[in-house]
Every structure is written in structure tokens, then in C-alpha cells.
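To convert a position in the sequence shown, counted from 1, into our numbering, add 1.
See structure below.
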Amino acid sequence: MLKERIQWVDIAKGFFILFIVIGHVFSDGVLRRYVFSFHVPAFFFMSGYCFNACKNKKDFVIGKIRTIVVPYITFSLISILLFVLVASILPKLNEIMQCGIFTNIKCMLYGSSKPAIMKYNQPLWFLPCLFCVSIVAYTIETIGGGVPL
Numbered sequence: 002m003l004k005e006r007i008q009w010v011d012i013a014k015g016f017f018i019l020f021i022v023i024g025h026v027f028s029d030g031v032l033r034r035y036v037f038s039f040h041v042p043a044f045f046f047m048s049g050y051c052f053n054a055c056k057n058k059k060d061f062v063i064g065k066i067r068t069i070v071v072p073y074i075t076f077s078l079i080s081i082l083l084f085v086l087v088a089s090i091l092p093k094l095n096e097i098m099q100c101g102i103f104t105n106i107k108c109m110l111y112g113s114s115k116p117a118i119m120k121y122n123q124p125l126w127f128l129p130c131l132f133c134v135s136i137v138a139y140t141i142e143t144i145g146g147g148v149p150l
């Protein structure tokens with residue numbers, strides 16, 4: 002049974018994703034500090050607002066793979082290919098950023114935005130994190146039988 006999406010939640014999540022991108026565009030300043038004070042927690046809150054553990058485990062995991070993992074891999078690969086193309090034009094970029102294709106694919110599979118990792122597109126770190134949090138929340142909800150509000 003396909004449930005109708007809640008439009009205002011999707012719009013809010015879109016705005017928070019935009020704030021995540023804005024927060025990573027600026028290297029310093031008041032706007033960056035302000036955006037960093039709420040952007041990821043607010044996105045995670047909105048993602049959990051409509052959390053539903055009623056699905057069976059297989060459907061839940063497949064749904065999260067389709068809506069989180071596939072976009073993560075897609076945008077990561079596009080970013081890596083763009084880095085490789087730019088590095089072929091500007092060879093110094095490879096030396097500065099150490100952005101070889103195999104290193105970046107390994108980092109994509111690791112999914113962390115630590116300073117030395119994921120240089121091709123650091124804001125994407127939150128997608129594998131969101132996937133893991135969703136799986137953990139589902140497991141807690143189904144094992145614990147849910148917490149009544």
C-alpha cells in the first residue's frame with residue numbers, strides 16, 4: 002500500500018538539504034556558523050518525522066536503498082567523474098587534492114567526510130549516515146515494539 006507523501010515535509014527536507022550545501026560552500030563567517038548550528042540535525046529530524054516501522058524488514062531496507070543509497074552512489078560517481086575530468090585538464094589538482102579515481106571510489110564506499118576523505122563532494126556524507134540511522138531506528142522500533150506517544 003503506497004502512502005501519499007506529506008508535501009510540507011518534503012519541502013522542508015529540500016530546504017534543509019539546501020542549507021547543508023550552503024553550509025559547505027562558505028569556508029567561514031556568520032552565515033556558515035548559523036547554518037551549521039541546525040542544518041543536519043533539522044534534516045534528520047524531518048527525515049524521522051514520518052518514520053514508519055510498519056513495513057517488513059525486506060521492504061524497509063529495499064526502500065531505503067532505493068531512496069538513499071542509490072542517490073548517494075549516483076551523485077558520488079558524478080562528482081568523482083567531474084573531479085577526474087577537471088584533473089585531466091588541471092593536473093595540479095591531482096597533486097593538491099589527491100583525487101585519483103580509485104581513491105575516491107574507495108572513499109565513496111567508506112562514506113565519511115573527514116578532512117582527508119571524500120574530497121570530491123564532502124556534503125554527501127550525510128546520506129550513508131542517514132541510511133545507517135534509519136536501519137538502527139527500524140531495528141530499535143521493531144525489537145522494542147515501538148514507544149507509544
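Glycine residues also receive a C-beta, built at the ideal position from the N, C-alpha and C atoms.
### Query
When you compare only the Cα positions, how much space is there between M2 and V22?
Counted from its first residue, the sequence shown places residue 2 at position 1. Counted from its first residue, the sequence shown places residue 22 at position 21. Note that M2 scores 46 on pLDDT, short of 50, meaning its location in the model is unreliable and no value can be drawn from it.
### Query
For the alpha helix (DSSP H) that contains T75, what are its first and last residues?
What you label residue 75 is simply residue 74 of the sequence shown in a count that begins at 1. First-last of the alpha helix (DSSP H) with T75: V71 to I90.
### Where the alpha helix (DSSP H) containing N57 begins and where it ends
What you label residue 57 is simply residue 56 of the sequence shown in a count that begins at 1. Looking at the DSSP string, N57 is not in any alpha helix (DSSP H), and its letter there is neither H nor E.
### Message
Given a cut-off of 7 Å on the beta-carbon distance, is the pair A88 and L94 in contact?
### Response
Position 87 of the sequence shown, counted from the start, is the residue given in the question as residue 88. Position 93 of the sequence shown, counted from the start, is the residue given in the question as residue 94. Their beta carbons are under 7 Å apart, which means A88 touches L94 by this criterion.
### Message
Alpha carbons only, please: which of V31, I144, Q8 and K120 is nearest the one belonging to L78?
### Response
Counted from its first residue, the sequence shown places residue 78 at position 77. Measuring from the Cα of L78, the nearest candidate turns out to be K120.
### Message
Counting C-beta neighbours from all protein chains within 10 Å, is the total for I90 16 or more, i.e. buried, or is it exposed?
### Response
One-based indexing of the sequence shown puts residue 90 at position 89. Exposed, because fewer than 16 other Cβ atoms sit within 10 Å of the Cβ of I90.
### W9 classed as buried or exposed, judged by whether at least 16 other C-beta atoms fall within 10 angstroms
Working through the sequence shown from its first residue, we reach residue 9 at position 8. Under this definition W9 is an exposed residue.
### Closest residue to V41 among C51, A54 and L19 (Cα-Cα distance)
For the purposes of this step, residue 41 is taken as residue 40 along the sequence shown, with counting starting at 1. The residue with the shortest Cα to Cα distance from V41 is L19.
### Task
Check K120 in the structure and name its three-state DSSP category.
Translated into positions along the sequence shown, residue 120 becomes position 119. K120: coil per DSSP, three-state reduction.
### Task
Would you mind working out which of N105, C55 and G49 sits nearest L158, comparing C-alpha positions?
An answer regarding residue 158 cannot be provided, because it is not within the stretch 2 to 150 covered by the chain.
### Task
Would you mind stating whether S135 and K56 have Cβ atoms separated by less than 7 Å?
Residue 135 sits at position 134 when you count from the first residue of the sequence shown. Residue 56 sits at position 55 when you count from the first residue of the sequence shown. For S135 and K56, no; Cβs fall outside 7 Å.
### Message
Quick check on DSSP: helix, strand or coil for I7?
### Response
The count along the sequence shown starts at 1 and reaches residue 7 at position 6. Note: I7 maps to coil in three-state DSSP.
### Task
Would you decide whether Y35 is buried or exposed? Buried here means 16 or more other CB atoms lie within 10 Å of its CB.
Here residue 35 refers to the residue found at position 34 when the sequence shown is read from its first residue. Result: exposed.
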